[in-house]
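Chemist: Residue numbers (the numbering used here): 501 to 644. Don't be surprised by glycine CBs; every beta carbon is placed ideally from N, CA and C.
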Amino acid sequence: MARSDEAAAFFHAVYSAVQEIPHGKVTSYGHIAKLVGTPQRPRQVGVCLKHLPSDTAARFNHANVPWQRVINAKGVISPRSQPSGTLNQAAALEAEGVVVTAGALGELSVDLGEFGWFPRLLPSEEAAGLVPQDSDDDEDEDDE
DNA sequence: TCTCTGACTATAA
DNA sequence: CTTATAGCCAGAG
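(1) Just how far apart, CA to CA, sit V518 and P583?
(2) Mapping DSSP to helix, strand and coil, what is I571?
(3) Hey, P566 and I521: beta-carbon distance below 7 Å or not?
(4) Answer with buried or exposed for V599, where buried requires no fewer than 16 other C-beta atoms within 10 angstroms of its C-beta.
(5) On the DSSP letters alone, give me the boundaries of the beta strand (DSSP E) that S648 sits inside.
(6) To which residues does DSSP link A533 through a beta bridge?
(7) For a test of the three-state rule: what should DSSP assign to A602, helix, strand or coil?
(8) If I'm right that V576 touches I532 with Cβ under 8 Å, what's the distance once you round it to whole angstroms?
Below you can see the structure in the form of structure tokens.
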């Protein structure tokens with residue numbers, strides 16, 4: 501039963517990490533996987549979100565976990581079995597102020613704008629110098 | 001118990 | 001740029 505216990509811990513960690521994503525921003529499955537200490541299991545992160553209960557009475561549910569803010573590393577909403585779910589996620593993101601562009605192939609690309617990513621991009625992206633990296637020490641935050 | 005699938009990603013060609 | 005491949009491992013049948 502230790503296995504199930506570990507699995508529960510993993511689910512818990514994933515949901516907690518997703519809750520850390522600020523409003524109006526997104527991150528990738530891989531990033532969540534790294535946050536929970538298992539950078540090689542981005543797929544399982546997807547499994548966790550798929551199993552995210554809709555019951556609002558549950559500790560983690562569709563209402564308190566911003567599952568919609570999790571997309572794939574390509575900056576696109578991962579297409580899953582049910583296209584309706586993808587569209588649903590796109591709608592949810594739009595509602596949060598995130599701009600989603602529909603590609604010719606029906607792929608829903610998230611417009612990161614300057615930088616809509618939560619903490620930062622993957623190491624590869626960092627090395628590429630694509631990180632905005634707030635210049636200066638001027639710290640300012642505005643939230644509605 | 002085995003097999004197949006999948007809300008992923010990095011790397012190679 | 002696109003396509004193929006190899007890891008990863010939790011569910012569902």
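Modeler: Let me lay it out:
(1) Residue mapping note: residue 518 aligns to position 18 of the first sequence, counting from 1. Residue mapping note: residue 583 aligns to position 83 of the first sequence, counting from 1. Whole-angstrom Cα-Cα distance: 22 Å.
(2) In the first sequence, counting from the first residue as 1, residue 571 sits at position 71. The answer is strand: DSSP assigns I571 an E or B state.
(3) Counting from one through the first sequence, the residue named residue 566 turns up at place 66. Counting from one through the first sequence, the residue named residue 521 turns up at place 21. Cβ distance < 7 Å, so P566 and I521 count as in contact.
(4) In the first sequence, counting from the first residue as 1, residue 599 sits at position 99. Flag for V599 reads exposed.
(5) This structure does not reach residue 648, given that the chain is present from 501 up to 644, and the question cannot be answered.
(6) Within the first sequence, residue 533 is the residue found at index 33, counting from 1. None; A533 has no bridge partner.
(7) By one-based count along the first sequence, residue 602 stands at place 102. If DSSP states are grouped into helix, strand and coil, A602 belongs with the strands.
(8) Looking up residue 576 in the first sequence gives position 76. Looking up residue 532 in the first sequence gives position 32. In fact, because the Cβ distance is near 16 Å, the residues do not count as touching under 8 Å.
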